[in-house]
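Here is the structure we will look at, set down as structure tokens.
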Amino acid sequence: MRIAIVSDAWRPQINGVVRTIETIVRLLQAEGHEVEVFGPDRFRTLPCPTYPEIRLSLFPTARLAHMLKLFAPDAIHLVTEGPLGWAARNFCLKRDIPFTTAYHTRFPEYVHARIRTPLSWSYALMRRFHAPSAGVMVVAQSIREDLAARGFRNLVPWSRGVDITAFKPCPHEDVGDKRPIWLYAGRIAIEKNIKAFLDLDLPGTKWVVGGGPQYRELKRRYKDARFFGSVDTEELSYRYAQADCFVFPSRTDTFGLVMVEALASGVPVAAYPVPGPLDVVTTSKVGALNEDLRAACLAAVGCDSADCRTHAETFTWAQCARQFRDALHQIPRGVWQPLKRRVVPNAAS
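Its first residue numbered 1, the sequence shown is counted upward by one per residue in UniProt numbering.
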């Protein structure tokens, strides 16, 4: 099967969405499928206001339509609700082409955290985007229930996995910092609520791994925490394994892949009892959820490393890829006739 994946989130970004798509593409290609990702790297872009690390495609409609016609896919999946997602949605609707979408990000909550836009406005826009979708893939049961209550339809489960070879426990070393070590890894942005973690009165040392628009501000403000910036997978794995507890302060994530990576590294998770953590930390053996985040941290830090690892192994990328493939909707072959499949250009001209 030829599969077109359209995503506003793509390399060189490093986040849960990109890593999920990269893994799915690799697994599908190993099964013999031909997969093309149409991301901002193929278009002229401009930096996203307030978040310059994210590049927004500039007027992508005509170029994207041309590339989709050249590729003539058997299925089209839209990852994000950005400029490329809307352009692909309009392309499909004009030609009566079925497509699937994914709800990766609680976009209304993110926008509200930044510019205080009413949630009802943003959710109305999200409902409009996903309404024609033949299947809206949603990772967490709690998020599916919330979206259903808000009027979203055709919701289908789409799990997540973890690379248990890349993320695994290893003996603690003398890293020069007082233990316990409390780790946050992910984007350094306002919607991640990182200040809630950094403001906690905790024994030991706080580590922060990742980059983003708040990186410089928080590094300057919180002198008692160690900031490592963006790191590669090898160093990320090392930081996980050397931590004593992973702290996930976000209230707006749909899942939180970093939590599963921490668990695979034998590290328990402390978080708020909200969607995402509720779907990952399903037993007190692997972490603690509490509206008092400090209490959650102190309760989680004593969890057994082996229990955390065993729990993480229940999240498999094979299942994730299978659910994705099965949720796709076949495009009738007559849609692309008399077009011939050709090589698709890689970069913006």
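Backbone N, C-alpha and C fix where the C-beta goes; we use that ideal spot for every residue, glycine too.
When secondary structure is reduced to three states using DSSP, residue 245 falls in the strand class. Looking from the CA of residue 240, the closest CA among 188, 164, 80 and 98 belongs to 164. Taken through DSSP and simplified to helix, strand or coil, residue 291 comes out as coil.
With a cutoff of 8 Å on beta-carbon distance, residue 270 and residue 296 are scored as near each other. In the structure shown, residue 284 adopts coil according to DSSP, grouped into three states. Non-local C-beta neighbours of residue 35 in its own chain, meaning closer than 7 Å and more than five positions away in sequence, comprise 3, 5, 25, 28 and 29, ordered along the chain. Contact between the segment 71 to 79 and the segment 95 to 103 is present: three or more C-beta pairs spanning the two stretches fall below 8 Å. For residue 206, the secondary structure class from DSSP, reduced to helix, strand or coil, is strand. Nearest in C-alpha terms to residue 253, of all of 15, 10, 11 and 8, is 15. DSSP places residue 231 outside both helix and strand once states are collapsed to three, so it counts as coil.
Boundaries around residue 270 are those of the beta strand (DSSP E), 269 to 271, since no alpha helix (DSSP H) includes it.
Here the alpha carbons of residue 58 and residue 209 stand approximately 31 Å from one another. In this structure, DSSP gives residue 24 a helical state, which the three-state scheme calls helix. Assignment of residue 84 by DSSP, reduced to helix, strand and coil, places it in the helix class. Contact between residue 279 and residue 185 fails: their C-beta atoms lie close to 18 Å from each other, not under 8 Å. A Cβ-Cβ separation of about 16 Å leaves residue 47 out of contact with residue 84 under the 8 Å criterion. CA-to-CA, the gap between residue 182 and residue 293 works out to about 12 Å.
Boundaries cannot be given for residue 158, as no beta strand (DSSP E) includes it and DSSP labels it neither H nor E. Counting of Cβ neighbours within 10 angstroms places residue 120 among the exposed residues, the total staying below 16. Collapsing the DSSP output to three states places residue 14 in coil. Note on geometry: alpha-carbon atoms of residue 236 and residue 248 lie some 16 Å from one another. Straight-line measurement puts the Cα of residue 246 at about 45 Å from the Cα of residue 62. Taking C-beta atoms as the reference points, residue 312 and residue 162 count as a pair closer than 8 Å.
Residue environment: residue 276 is assigned as buried (16 or more neighbouring CB atoms within 10 Å of its CB, all protein chains considered). Boundaries of the beta strand (DSSP E) harbouring residue 38: 34 to 38, taken from the DSSP string. Cβ atoms of residue 64 and residue 88 come within 8 Å of each other, at about 6 Å. Excluding residues up to 5 positions away in sequence, 263, 266, 267, 268 and 286 lie with their Cβ nearer than 7 Å to the Cβ of residue 308 in the same chain.
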